Amino acid sequence: MSSLADAARGAGYPVADVEQPTEEFDALADDVDEIEPEPPAPEAGDSVLADLRRQVQSRADEQTVLIELPWFGGLIVGRYKPIPMAQVLRTPRASAMPGTDPAVAADALAHACVELLRPVEPGSDELVSLDPDGGVVRYDDSLVDLLGLAPSQRTARAVVFALFRGSGRADAMILQHTGEYAQWLTGQEVAADVLGESLAD
Numbered sequence: 005m006s007s008l009a010d011a012a013r014g015a016g017y018p019v020a021d022v023e024q025p026t027e028e029f030d031a032l033a034d035d036v037d038e039i040e041p042e043p044p045a046p047e048a049g050d051s052v053l054a055d056l057r058r059q060v061q062s063r064a065d066e067q068t069v070l071i072e073l074p075w076f077g078g079l080i081v082g083r084y085k086p087i088p089m090a091q092v093l094r095t096p097r098a099s100a101m102p103g104t105d106p107a108v109a110a111d112a113l114a115h116a117c118v119e120l121l122r123p124v125e126p127g128s129d130e131l132v133s134l135d136p137d138g139g140v141v142r143y144d145d146s147l148v149d150l151l152g153l154a155p156s157q158r159t160a161r162a163v164v165f166a167l168f169r170g171s172g173r174a175d176a177m178i179l180q181h182t183g184e185y186a187q188w189l190t191g192q193e194v195a196a197d198v199l200g201e202s203l204a205d
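So the mapping is simple: my numbering equals the position in the sequence shown, first residue as 1, plus 4.
Dropping the structure here:
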């Protein structure tokens, strides 16, 4: 122990018997609040990309159509996207008229379907997923499980037929629904042709 410590002890001042380690002194810790670093400013490209994504989603929403499924009294509504008209009017048999084959029509509906929806309550314009848990439902296993359907095969075509089987006129219901979709699709293709011509001028 140093002579200074001996002198202090002799004067009656308490002095620790064990030397204390020197602590690092932070000159700002007691007097200045901690300054939070500012987050880096977003790069210009980030905001442009975000705007582009919103525009793409908006355009995608504009290029879909909502069509009530026949026979269900407005309780099921399909949201469909455009597909090539050739897929809707395809004729497997040379003697068949375009748009008259229910199997082809079912395939077209399944391919174009974005999701199947239902009104929040009967008569409401607000639509939500057919799935109470909010999952996306299409003409697939999700619809089979949800409605307890019994398709003849585990294919989208068979699910479409199983959905309308209870009407007793599945072929007619499928063709009717596909016909409504085809009318909208024709308008979309005409609009695209007109737009293409205007851009070419």
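We put the CB at the ideal spot given by N, CA and C, even for glycine. Predicted, not measured: the structure shown is a model, and the values here were computed from it.
Around the C-beta of residue 177, 16 or more other C-beta atoms lie within 10 Å, and the residue is accordingly described as buried. Between residue 82 and residue 73, the C-beta gap is smaller than 7 angstroms, which places the two residues in contact. DSSP places residue 163 within a helical segment (H, G or I) once states are collapsed to three. Between the stretch 108-120 and the stretch 149-163, the count of Cβ pairs shorter than 8 angstroms is three or higher; the stretches touch. If only complete runs of 3 or more residues are kept, the stretch 78-125 shows the beta strand (DSSP E) at 81-84 and 117-123, in order along the chain. Residue 146 sits in a helix when the DSSP states are folded into three classes. Residue environment analysis places residue 137 among the exposed positions, since fewer than 16 neighbouring C-beta atoms fall within 10 angstroms of its C-beta.
Per DSSP, the unbroken beta strand (DSSP E) holding residue 133 starts and ends at 131-133. Between residue 175 and residue 96, the C-beta gap is not smaller than 7 angstroms, which leaves the two residues out of contact. Note that the C-beta distance between residue 75 and residue 171 is below 7 angstroms. By the CB criterion at 7 angstroms, residue 131 and residue 80 fall outside the cutoff. Scanning 123, 143 and 71 for the CA closest to the CA of residue 187 turns up 71.
Taking all protein chains shown into account, residue 54 has fewer than 16 neighbouring C-beta atoms within 10 Å of its C-beta and is therefore exposed. Taken atom to atom, the span from the alpha-carbon of residue 181 to that of residue 50 is near 42 angstroms.
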